[in-house]
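Student: Numbering (the numbering used here), first residue to last: 1 to 79.
1. Where residue 1 and residue 58 are concerned, what is the direct C-alpha to C-alpha distance, given to the nearest angstrom?
2. In the DSSP output, which residue or residues are listed as bridge partners for residue 30?
3. What separation, rounded to the nearest whole angstrom, lies between the Cα atoms of residue 11 and residue 21?
4. In chain order, what residues of the same chain lie with their CB nearer than 6 Å to the CB of residue 68, ignoring the 5 residues before and after it?
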């Protein structure tokens with residue numbers, strides 16, 4: 001299992017709409033509203049072997065209202 005975090009910049013006034021659509025995707029476990037340069041942070045779990053870039057392009061960047069993304073790949077979770 002691969003864990004990635006995707007920060008999303010939304011079109012003005014569309015953050016809640018994007019968040020509502022994102023939580024419907026099976027691979028996205030959490031959607032957080034954040035401050036700063038980006039509006040949302042998505043925690044995603046992808047099966048091993050799934051192309052991360054292709055997932056982001058095909059599923060997250062295609063959500064209506066998404067303007068920009070920034071992807072972080074997580075290597076290890078600490079308890």
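Every residue, glycine too, gets a C-beta built ideally from N, C-alpha and C.
Tutor: If we stick to the structure as given:
1. If I take the Cα positions, the gap works out to 19 Å.
2. Its beta-bridge partners are 43.
3. Between residue 11 and residue 21, the C-alpha separation is close to 14 Å.
4. The residues are 9.
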